[in-house]
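The next block holds one structure in the form of structure tokens; read it before the comments.
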Amino acid sequence: MPRQVDVAIIGAGTAGLTAIKEIKNLTKNYLLIDRGPLGTTCSRVGCMPSKVLLQVAHDLSRVKVLKALNIYQGDGTIDLSEAMKHVRKLRDYFVNFAVEEIKEMGDHFIQAEASFLSPGRLKLDNGEEVEAKAIIIATGSSPVIPKEWDKFKDRIVTTDSLFELKTLDKSWAVIGMGPLGLEMGQAMALLGCDVHGFDKNPMLGGLKDEIVHSEALRSLQKSFPIHLKADVKLSRIGSKIRVSWGDQHRDVDRILAAVGRKANVGSLNLKAARCPLDEKSLPVFDPDTMKVKDAAIFLAGDMDGQKMVLHEAADDGRIAGFNALQEHPIRFKRKVKIGITFSSPNLCTVGQSLKDIKEPVAIGEVSFTKQGRSVIMDENEGMLRVYADKKTGLILGAELAAPSGEHLAHLLAHAIGQKQKVQELLRFPFYHPTVEEGLRTALRKAKKQLYCKVDPGPDLDRCDA
1 MPRQVDVAII GAGTAGLTAI KEIKNLTKNY LLIDRGPLGT TCSRVGCMPS
51 KVLLQVAHDL SRVKVLKALN IYQGDGTIDL SEAMKHVRKL RDYFVNFAVE
101 EIKEMGDHFI QAEASFLSPG RLKLDNGEEV EAKAIIIATG SSPVIPKEWD
151 KFKDRIVTTD SLFELKTLDK SWAVIGMGPL GLEMGQAMAL LGCDVHGFDK
201 NPMLGGLKDE IVHSEALRSL QKSFPIHLKA DVKLSRIGSK IRVSWGDQHR
251 DVDRILAAVG RKANVGSLNL KAARCPLDEK SLPVFDPDTM KVKDAAIFLA
301 GDMDGQKMVL HEAADDGRIA GFNALQEHPI RFKRKVKIGI TFSSPNLCTV
351 GQSLKDIKEP VAIGEVSFTK QGRSVIMDEN EGMLRVYADK KTGLILGAEL
401 AAPSGEHLAH LLAHAIGQKQ KVQELLRFPF YHPTVEEGLR TALRKAKKQL
451 YCKVDPGPDL DRCDA
């Protein structure tokens with residue numbers, strides 16, 4: 001006799017756990033299923049351990065700055081095995097939060113692998129069967145390793161295995177200059193490894209603004225060489241892997257493959273769910289409701305193939321969890337797009353890209369080369385460009401490669417979300433000395449380009465207004 005539930009959630013990651021928070025408001029008859037290992041992608045192999053390693057690397061780079069100034073008199077060496085132990089210790093700390101949350105669910109959780117028997121019916125690999133009025137698929141994603149690289153797997157790691165290394169090899173090729181590839185490439189370079197980065201695309205880190213990208217690349221190249229538009233081939237030379245591109249090659253100890261991720265749906269037997277599938281064999285769904293077409297199935301998180309970032313996965317989960325038992329699913333607007341690469345400088349995209357904007361656009365820009373606080377921090381690299389509608393002053397988007405860029409990006413995302421105009425954002429305080437003063441400079445430049453009438457004089461509200 002199958003277990004009868006209102007909602008079954010497959011996947012106990014960020015999206016699945018967030019979905020349950022909404023489901024609990026609608027029913028107490030739900031079941032969470034996960035094959036393990038437990039812990040979200042973010043806490044176990046993604047955001048958190050990568051940022052720990054990056055923090056260690058940035059801390060060491062500050063020591064090197066102080067040594068160059070003759071302020072620090074030590075030798076500045078680092079024990080890489082201790083660094084990796086520290087990464088795993090903090091990783092386990094963060095993973096434990098998710099594990100404890102799952103344990104508290106008691107009978108509402110089963111650790112098993114689930115697959116569809118028919119629409120609304122699941123088979124678990126422990127022999128149990130589950131029938132549900134609605135099913136949420138939140139199975140996450142896994143790193144891709146091209147099939148032609150299979151013969152080199154003994155020398156290839158992904159972010160799923162990088163943090164298990166006892167120490168770091170001396171020489172690396174990081175293939176894929178997206179956010180994690182860039183972050184880990186720079187981290188390992190700052191920790192003393194010989195690193196080369198590669199990407200087949202002409203731009204890195206999700207940037208689209210060519211001026212910002214040029215500044216970003218110039219700055220990042222100071223940490224390690226980056227080869228763009230590189231079609232790499234791998235071969236084995238003794239104990240090393242040869243990375244060839246064009247008429248060049250590099251022999252390295254190990255490869256970090258960061259070329260993309262794919263949805264974890266291979267074991268679900270989606271054909272038995274009888275829902276329409278797209279060209280990637282993923283269910284066709286409405287991203288505003290997360291509902292699969294013609295089925296009581298909802299998608300959430302990385303597996304939907306949309307934006308693979310935690311806050312988007314959490315929003316997916318909230319929408320899917322809320323809609324799972326609604327007679328008519330509700331459509332929800334999404335938050336302002338924001339992307340952050342935690343390299344030094346931070347690479348950030350906010351709102352619309354310059355190429356996507358149709359309106360006449362005012363562009364305010366600032367270089368951080370001579371920006372006061374950036375100079376003090378010895379991080380005076382990068383460029384910020386903010387885009388506004390010339391007719392109204394409405395802030396539409398921005399791209400930046402900047403020190404403390406993560407905070408500037410949030411400030412701009414919140415401004416865009418509140419539909420603020422350039423002239424309105426300028427009326428808020430910009431403390432001295434801060435990196436935010438650089439944003440003020442860019443906003444003032446954009447303001448001068450506006451067609452609309454703006455009040456002359458100081459960027460302040462008038463008492464008689």
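Quick note on numbering: our numbering labels position 62 of the sequence shown as 62, and the sequence is numbered without any gaps. Glycine is no exception: its CB is placed at the ideal position from the N, C-alpha and C atoms. As the structure is a prediction and not an experimental result, all values here were calculated from the model.
Among the options, nearest to residue i - alpha-carbon criterion
i, options, result
"M377", "A173, S344, A388", "S344"
"V157", "E215, G181, T139, G140", "G181"
"G178", "A324, G192, G197, F224", "G197"
"L396", "Q352, Q371, E113", "Q352"
"T369", "I211, A402, H407", "A402"
"N201", "H407, R121, A230", "A230"
"I78", "G192, A324, M290", "G192"
"V422", "I33, D459, S61, E436", "D459"
"V45", "I211, E164, K64", "E164"
"L408", "G438, G206, I102, K64", "G438"
"R334", "P287, A296, L354, Y387", "P287"
"V99", "G11, I136, F342", "G11"
"P37", "G140, D247, G260, E379", "G140"
"D107", "C42, L32, Q221", "L32"
"G323", "L310, V292, I340", "In the sequence on display, residue 323 carries Asn and not Gly. Of the listed residues, the one whose Cα sits closest to N323 is V292."
"H328", "T289, A362, G364, L310", "T289"
"E22", "Q420, I363, D316", "D316"
"K240", "M308, D154, L299", "D154"
"N269", "I297, F116, N70", "F116"
"Q186", "G417, N25, D59, F428", "D59"
"M105", "P456, Q326, S61, N29", "N29"
"F298", "A112, A138, M84, Q55", "A138"
Same chain, Cβ closer than 7 Å to residue i, neighbours up to 5 away in sequence not counted
i, result
"C452", "K391, T392, G393"
"P119", "A273, R274, A295"
"F332", "D288, I319"
"L310", "T14, C42, C47"
"L80", "T167, L168, L191"
"D461", "R427"
Beta-carbon proximity list for residue i, same chain, < 6 Å, skipping 5 on both sides
i, result
"S244", "K233"
"D169", "D253, R254"
"A257", "I145, I156, T158, I175"
"A189", "V195, S223, F224"
"A413", "V336, I338, V350"
"Y431", "none"
"A57", "A187, L190, L191"
Residues sharing a beta bridge with residue i, DSSP
i, result
"G457", "Note: G457 sits in no beta bridge, so no partner."
"P283", "L277"
"C348", "I340, L400"
"M383", "S367, A401"
"K466", "Shown here, the chain extends from 1 to 465; a query on residue 466 therefore has no answer."
"A263", "S141"
"Y431", "Answer is none; Y431 lacks a bridge partner."
"K123", "S115, E129"
"H311", "Note: H311 sits in no beta bridge, so no partner."
"V157", "L256"
"K21", "DSSP lists no partner for K21."
"K293", "K293 pairs with nothing; no bridge assigned."
"H227", "F198"
"H249", "S244"
"W172", "V195, R254"
"A466", "Given that the chain is displayed from residue 1 to residue 465, the structure contains no residue 466 and the question cannot be resolved."
"L394", "K421"
Other residues of its chain near residue i: CB distance less than 8 Å, five sequence neighbours each side excluded
i, result
"V52", "H86, V87, L90, R91"
"E359", "D389, K390, K391, L396"
"L425", "I395, A415, L443"
Cβ-based burial, residue i [other Cβ within 10 Å; buried from 16]
i, result
"A415", "buried"
"H249", "exposed"
"V366", "buried"
"I237", "exposed"
"S374", "buried"
"C348", "buried"
"E399", "buried"
"A114", "buried"
"K166", "exposed"
"A68", "exposed"
"A447", "The sequence shown places Lys at residue 447, rather than the Ala named in the question. Result: buried."
"G405", "buried"
"D34", "buried"
"G206", "buried"
Any non-hydrogen atom of the ligand FAD within 7 Å of residue i CB
i, result
"P345", "This structure lacks the ligand FAD, and indeed carries no ligand of any kind."
Using a Cβ distance threshold of 8 Å, determine whether the segment 129-143 contacts the segment 6-14, with at least three qualifying pairs required.
Touching, per the Cβ criterion.
Three CB pairs or more closer than 8 Å across the segment 367-384 and the segment 209-216
Segments in contact, yes.
Is it a yes or a no for the segment 272-288 touching the segment 296-309, going by three-plus beta-carbon pairs under 8 Å?
At 8 Å Cβ cutoff, the stretches touch.
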